[in-house]
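Chemist: This is the structure, below, for whatever I ask next.
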Amino acid sequence: MATLRFSANISWLFPEVPDLPGRVKAASDAGFNAVEVSWPYHTDRALFKSALDKHGVKLVLINTPPGNIQAGELGLGAVPGRQDEFQAGVKEAVKWAGALGCGRIHIMQKCTCRDGKVLCGEEMEKTFIENLKYAADILGQGHVQIAQVPHRNEPDSPGELNFMYLFDLLLELGYQGYVGCEYKPHGDTLNGLGWMKNYQKKYKAY
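Counted from 1, the sequence shown has number 162 at position 116 by the numbering used here; the numbering is strictly sequential.
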């Protein structure tokens, strides 16, 4: 029986562990054989790669650089006038992905302000389409990430979405990629993985 494959987003999961190489080990110990990370760019790349190799964990997704996080930026994909920075970020992400054996890159974009005013949607959309055309020649497609709505906690936490139904739907649609666990653990990460154990039990996926 076909089953879904889950990857731990170690930028969100295992906050109990202070560094990314340590979180790779924690994810492996918890039963994950794949991880994803938002922004690895301030991590020692050699140490990160060594941890992935040591624990037999595959890195399946990284994000393009966010821009200036301190200024509230979480992606330059839709920021008019900063296309050159966006393209440089894509090239940097490709370099990291190649060195780490990662096959997916998430193009980051966020609603943007200029002089204290939110930019109009039309201007942002035009920029985002332009940037996507640039990236489309370089990057692959297809990735799913999960978190419960509205508080972005574990899939089985109280909320609006029935993830067991959605998991079945992904299988019916023939999805073969990883499902990224990009949620905020309500408490200890390991204690919150009951949803995955229930899924594995349902589909005998071990």
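For every residue, glycine included, the Cβ atom is placed at its ideal position computed from N, Cα and C.
According to the neighbour-count rule (16 or more other Cβ atoms, all chains shown, within 10 Å of its Cβ), is Gln222 buried or exposed?
Modeler: Burial call: exposed.
Chemist: Is it buried or exposed for Val195, if we count other Cβ within 10 angstroms and need 16 for buried?
Modeler: exposed
Chemist: What's the C-alpha gap between Gly113 and Arg69?
Modeler: Those two C-alpha atoms are separated by around 24 Å.
Chemist: In the DSSP assignment, find the alpha helix (DSSP H) that holds Asn114 and state where it starts and stops.
Modeler: Asn114 -> no alpha helix (DSSP H), and no H or E assigned at all.
Chemist: Among residues of its own chain, excluding the 5 on either side of Pro67, which ones have a beta-carbon nearer than 6 Å to its beta-carbon?
Modeler: Leu93, Phe94 and Ala97
Chemist: Using a threshold of 6 Å, is the CB atom of Ala54 nearer than that to any non-hydrogen atom of the ligand FMN?
Modeler: For the ligand FMN, the structure offers nothing, since it holds no ligand at all.
Chemist: Using a Cβ-Cβ distance under 7 Å, would Tyr221 count as near chain C?
Modeler: As a matter of chain content, chain C is missing from the structure shown, which is built from one protein chain.
Chemist: Give the secondary structure of Ser53 by DSSP, where H, G and I count as helix, E and B as strand, and everything else as coil.
Modeler: strand
Chemist: Let me know if Ala184 comes out buried or exposed under the rule of 16 or more other beta-carbons within 10 Å of its beta-carbon.
Modeler: At residue 184 the sequence reads Ile, which differs from the Ala that was named. Answer is exposed; the Cβ neighbour count stays below 16.
Chemist: What is the DSSP secondary structure of Tyr252, reduced to helix, strand or coil?
Modeler: Any answer about Tyr252 is weak, because its pLDDT of 46 lies below 50 and its placement is not dependable; what the coordinates show is given next. Three-state result, Tyr252: coil.
Chemist: If you draw a straight line from the alpha carbon of Phe40 to that of Val103, how long is it in whole angstroms?
Modeler: Residue 40 lies beyond the range of the chain shown here (47 to 252); nothing can be said about it.
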